[in-house]
Structures are given as structure tokens and as C-alpha cells.
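One structure below.
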Amino acid sequence: MRRPRPLVLAGASALVGLLLGGLAVPALAGPSGPVPRGSGLQQAELVGHAVLPALTFGEQIPSGALVADANGVDAPFPAQPVQGFSGLLVQNGGEAFVLSDNGYGTKANSADYLLRVNRLRVDVVTSEVTVVGGFGLSDPRKVLTQPLTRADRRLTGADFDPESFQRMPDGTFWFGEEFGPSLLHTDAQGRVLSAPVAPAGVRSPDAPDLAGGQPTIGSSKGFEGMALSPDGRTLYPMLEGAVAGDDPQTLRIYSFDTRTGKYTGLKSQFRLESPGDAIGDLVALDDDRFLVIERDNAQGPASQLKAVYLLDTRDADRDGFADKELLVNLLAIPDPEGVAGAPGSFFTFPFVTIEQLAVLDDHTIVVGNDNNFPGSNGRTAGVPDDNEYAFIQVDQDLDVAAPRR
Numbered sequence: 004m005r006r007p008r009p010l011v012l013a014g015a016s017a018l019v020g021l022l023l024g025g026l027a028v029p030a031l032a033g034p035s036g037p038v039p040r041g042s043g044l045q046q047a048e049l050v051g052h053a054v055l056p057a058l059t060f061g062e063q064i065p066s067g068a069l070v071a072d073a074n075g076v077d078a079p080f081p082a083q084p085v086q087g088f089s090g091l092l093v094q095n096g097g098e099a100f101v102l103s104d105n106g107y108g109t110k111a112n113s114a115d116y117l118l119r120v121n122r123l124r125v126d127v128v129t130s131e132v133t134v135v136g137g138f139g140l141s142d143p144r145k146v147l148t149q150p151l152t153r154a155d156r157r158l159t160g161a162d163f164d165p166e167s168f169q170r171m172p173d174g175t176f177w178f179g180e181e182f183g184p185s186l187l188h189t190d191a192q193g194r195v196l197s198a199p200v201a202p203a204g205v206r207s208p209d210a211p212d213l214a215g216g217q218p219t220i221g222s223s224k225g226f227e228g229m230a231l232s233p234d235g236r237t238l239y240p241m242l243e244g245a246v247a248g249d250d251p252q253t254l255r256i257y258s259f260d261t262r263t264g265k266y267t268g269l270k271s272q273f274r275l276e277s278p279g280d281a282i283g284d285l286v287a288l289d290d291d292r293f294l295v296i297e298r299d300n301a302q303g304p305a306s307q308l309k310a311v312y313l314l315d316t317r318d319a320d321r322d323g324f325a326d327k328e329l330l331v332n333l334l335a336i337p338d339p340e341g342v343a344g345a346p347g348s349f350f351t352f353p354f355v356t357i358e359q360l361a362v363l364d365d366h367t368i369v370v371g372n373d374n375n376f377p378g379s380n381g382r383t384a385g386v387p388d389d390n391e392y393a394f395i396q397v398d399q400d401l402d403v404a405a406p407r408r
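When you number the sequence shown by this note's numbering, it's gap-free, plus one each residue, and the end is 408.
Okay, here's the thing in C-alpha cells:
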């Protein structure tokens, strides 16, 4: 293992405050955790860990009226839970934007959850995460034609299910969501700028209007991950499930031109390790290479696959899929310094949904879970999962392309 360098949040510009010592670690062969199916080996190391407690609340508007009590937490809640993070954009100064998804998992139970992007400060010295700001999603200009839940046109989890987002060079945001599935463009304050754009021939059972055709993709299988090209002009939204007629292990990665607001075809296709798996997030390293989270649908000790893969869409073996290589087995991350446990142990990320991924530099990534408050308990049985972040240093040089904007 290479000698670690100072841990940096947001590329090479913002020092979080943790200076790490070096320790040689052998390549992992899975001695204390399952190795992902068909994965081979990894060389990685935990260098930071930070936690936002599950019982963190924001705006004092009641929520969770249709949520079942779970893991010792009684619903409804007197305020909006800060939870369900499904996207991560690191910023300068040790901060990050995180995207909360539709709330409690379905259209039917999330009408009182306000869609929001929170701004967090992450301190890996104290292992603490603090909410320092953010903004909600809304449609005050009445751009959307579909019926909305609230008369004030603040968007809720019954209106959209945002699972990924990117900040554009002009400060606006694009969101990938699952109910259409569609892409949604907002200004810097989360106000909708234009009508949602859906890919041709792809329709969810949760789409606001099915007049254009019957569903061709399963519920909650729309746009899950979404990468941005280095030049800031092209989005690469990725479906979480297979489209009707496609192989059930095949997921589509689309290409979307943000200047024209139109899809330009498929960037690539991704082959899951198993038909029952799902993806959690997608980030670009350059125009052709990406990192993706793949996971099974289990949590805790039952988990068999939680991993970050390196994809190359140039498809060197010409099999019709992006070439795929294991980068990190999230079920057995070496922790030689005892960052999150005993020195020399292995740290595990055993959550059912792991939906945040960011690249900090050529050898450092950060991964975060979607804690599905209050329902998921992958860390400890009977206890609601916190929002956790694992900072991981990898031996492989990711050779991240500099933005061309």
C-alpha cells in the first residue's frame, strides 16, 4: 500500500484536517468479510469515518404520518428528518451538498416529506457531520403541469423521487429522478426551470402521466446514478433496473446534452453481477471511465455484495458492456490505523442502500449510505442506521481528469 497523503475533501483544494500516517497493508483476499461475486482482489484502506446521527431533524414541519414505527423510533415526527441521502457533491472548505430522496420509500407514504438538498460540514478529525444549510425544491414559476401535493408548490416525495444530482458550471442543478424516470433542471435555489425530460420508451409505474404508454421499467428502478462529463456539458444518467425487453442483468447508461436538453443515445451498458442487484451511484473519472456502486438488497450480516467498481465504457473486450473492475469491497475495507475499530481490523459498510460516491483525488474516494430512516438497521439490529461516510484510499491511480469548463 502506498504511503497515505493528507486527506482532502473537494479535490486538492480544501484540507479537512486529518493528516494520516502510513502503514503497509497486504492486498485483501477477504479473510474477515465476503468478497464480492466475481471480484478478485482489492488494495484499499480506510482513512476517515464520519457520522451524522439518524435522529437529526431540520425544518419544523411534521412528517412521517404514514410511516410505520421501526427500530425503536415512533412516527410521525414533529419535524423533517435529515436522511435518505442519495447523492453527494463535495465542495471547497470541507463541505458537501447531499441530496435527500423521496422520503420514506414510496409515493404513497412520502407526501409530507419536503424534497431538499442539505449542505453538510464533514470533520474527519472528530468524526462528526453537521448540517450547515441547504435549500428545498420548488416550482414557484408553475413550470410543472402535473398536480402537486402542496398548494405552495414546494415539492414533496409524492411528486418526485430524486436519486442523483449534478451542479452545473452556471450554478444550476440537474436532478435524476425515478418516478418518470426523468431529468429535472432547477436554479441554484432549487426552483424548477423547465419541464422534466424523460428518455424515449422508458416509463415507470409511478410516472405522473401514463398516457404516453404502459410501464417499461419497475417501480423505483429509474435514474439512480448520474455522472457529469469533465467539460460540464453532458450528463450520464443510469437506470437502476432493466428496461422491458433488455436482459435483466443489463442497465442502461444514457447520454444527455445539457445545452439542447435532449438525450443523445446510450453512453454504455452495465452488466450487474446478479439480476437481483442494484446500483447506487455513478461518477465520472474522465470521458470514458467511471466509478459505480453495486449492491445486493440485503443488510447487516446477510450482505453479500457492496462494492465500488471501475468502469471503462470503451469496451476493450467488445462484449457490449462497459469493462468492469473491482476497486473496493465495501464489506471488508482494511482499517490498519483503527480509524473506525481496532487497528489492523476490517471495516464494513453493510447497509442495504449505499447511494453516495465522490472522488476526492487520484487515490481517495468517499462513500455514504442512504439510511432509509427509520427503517434500515444494517449497522446494528434494532437500531436505525445513521448517515455514515467512509473515506477510502486506493492503491490504484484513478487519474482523474481535470474539469474543462
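Virtual Cβ for every residue (Gly too), placed ideally from N, Cα, C. It should be emphasised that the depicted structure is a prediction, and the values quoted were computed from it without experimental measurement.
*For the segment 350-361 against the segment 275-289, are there 3 or more C-beta pairs whose distance is under 8 Å?*
The segment 350-361, when compared against the segment 275-289, does touch it at the 8 Å Cβ threshold.
*Buried or exposed: where does L269 fall if 16 or more other Cβ atoms within 10 Å of its Cβ makes it buried?*
In summary, L269 is exposed, with fewer than 16 beta-carbon neighbours lying within 10 Å of its beta-carbon over all protein chains present.
*Under 8 Å by Cβ, that's how I've got I64 and Q86 pegged, so tell me the actual separation to the nearest angstrom.*
Not confirmed; about 15 Å, so no contact.
*DSSP state of P278 mapped onto helix, strand, coil*: The three-state reading of DSSP puts P278 in coil, since its state is none of H, G, I, E or B.
_Classification of E131 by the beta-carbon crowding that lies within 10 angstroms, buried from 16 upward_ = Exposed: under 16 other Cβ atoms inside 10 Å.
*Any idea if S66 is buried or exposed, counting beta-carbon neighbours within 10 angstroms, 16 or more meaning buried?*
Result: buried.
*asked:* Taking its Cβ as the centre, do 16 or more other Cβ atoms sit within 10 Å of V135, making it buried, or is it exposed?
replied: The residue is exposed, with fewer than 16 neighbouring Cβ atoms inside 10 Å.
_Can you give me the C-alpha to C-alpha distance between L288 and D234, rounded to a whole angstrom?_
In this structure, the alpha-carbon of L288 lies about 12 Å from that of D234.
*At least three beta-carbon pairs within less than 8 Å, the segment 366-375 to the segment 385-393*: Yes, the segment 366-375 touches the segment 385-393.
*Determine the contact status of G90 and L118, defining contact as a CB-CB distance below 8 Å.*
No, these two residues do not count as a Cβ contact at 8 Å.
*asked:* Considering just the uninterrupted stretch of the beta strand (DSSP E) at M229, what are its terminal residues?
replied: Bounds of the beta strand (DSSP E) holding M229 are F226 to L231.
*Taking only runs of the beta strand (DSSP E) that begin and end inside the segment 140-200, which ones reach a length of at least 3 residues, in chain order?*
Taking only runs of at least 3 residues, the beta strand (DSSP E) segments lying wholly in the segment 140-200 are 165-170, 176-180 and 185-189.
*Drop a sphere of 10 angstroms on the beta-carbon of N380, count the other beta-carbons inside from all chains shown, and report buried for 16 or more, exposed for fewer.*
Around the beta-carbon of N380, 16 or more other beta-carbon atoms lie within 10 Å, marking it buried.
*Figure out for me which residue from G303, Q149, D173 and V50 has the closest Cα to the Cα of Q192.*
The candidate whose alpha carbon is nearest that of Q192 is D173.
_For I368, list the residues DSSP reports as bridge partners._
DSSP lists V362 and I395 as partners of I368.
*asked:* Suppose contacts are defined by Cβ-Cβ distances below 8 Å. Is S113 in contact with A161 by that definition?
replied: Yes, the Cβ-Cβ distance between S113 and A161 is below 8 Å.
*Could you pull the start and end residues of the beta strand (DSSP E) that A254 belongs to?*
First, the residue type needs correcting, since residue 254 is Leu and not Ala in the sequence shown. According to the DSSP assignment, L254 belongs to the beta strand (DSSP E) that extends over T253 to D260.
*May I ask you to list the residues that DSSP assigns as paired with N453?*
Because the chain here runs from 4 to 408, residue 453 falls outside it and cannot be looked at.
*Is Q396 near E98, with beta carbons less than 8 Å apart?*
Result no, Cβ atoms of Q396 and E98 do not sit closer than 8 Å.
*Integer-rounded CB distance, given that V246 should sit under 8 Å from T219*: Contact flag correct, Cβ pair sits at about 5 Å.
_Given R194 as reference, the closest of L401, P339, F350 and R157 once Cα atoms are compared_ = If we check each option's Cα against that of R194, R157 comes out closest.
*Of all the beta strand (DSSP E) runs that stay within the bounds of the segment 84-119, which reach a length of 3 or more residues?*
Qualifying beta strand (DSSP E) stretches, in chain order: 88-93 and 98-103.
*Where DSSP assigns a beta bridge to P337, which residues make up the other side?*
Bridge partners of P337: F349.
*By the 10 Å Cβ neighbour count, where 16 or more other Cβ atoms means buried, how is R298 classified, buried or exposed?*
Of the other Cβ atoms in all chains shown, 16 or more fall within 10 Å of the Cβ of R298; this residue is therefore buried.
*asked:* Helix, strand or coil for A305? Go by DSSP, reduced to three states.
replied: In the structure shown, A305 adopts helical secondary structure according to DSSP, grouped into three states.
*Same chain, Cβ closer than 8 Å to A405, five either side skipped, listed in chain order*: Hits under 8 Å: P233.
*Please report how far the alpha carbon of D126 lies from the alpha carbon of V101, in whole angstroms.*
Going from the Cα of D126 to the Cα of V101 covers about 15 Å.
*Could you name the residues of the same chain whose beta carbon sits closer than 6 Å to that of L401, not counting the 5 residues immediately before and after it, in chain order?*
Leaving aside the five residues that flank L401 on each side, the residues in its chain whose CB is nearer than 6 Å to its CB run, in chain order, L288 and D365.
*Grouping DSSP H, G and I as helix and E and B as strand, with all else coil, what is I1?*
A question about residue 1 goes unanswered here, because the residues of the chain that appear run from 4 up to 408.
*Report the rounded CA-to-CA distance for Y257 versus T237, giving the unit in angstroms.*
When the Cα atoms are used, Y257 and T237 turn out to be separated by approximately 10 Å.
*What does a CB cutoff of less than 6 Å around D322 pick up in its chain, not counting 5 residues either side in sequence?*
A distance below 6 Å between beta-carbons, with the five flanking residues on each side excluded, links D322 to no residue of its chain.
*asked:* By DSSP's criteria, R124 is part of a beta bridge. Which residues make up the other side?
replied: E98 and T133, per the DSSP bridge assignment.
*So, helix, strand or coil for L55, using DSSP?*
DSSP places L55 in strand when its eight states are reduced to three.
*Assigned secondary structure, P79 (DSSP; H/G/I helix, E/B strand, else coil)*: Reduced to three states, the DSSP call for P79 is coil.
*From A53 to N121, what distance separates their C-alpha atoms?*
Their backbone Cα atoms lie some 16 Å apart in a straight line.
*Quick one: what's got a C-beta closer than 8 Å to Q302's C-beta in the same chain, skipping five residues either side?*
Result list for Q302: P353, F354, V355, S379, N380 and G381, in chain order.
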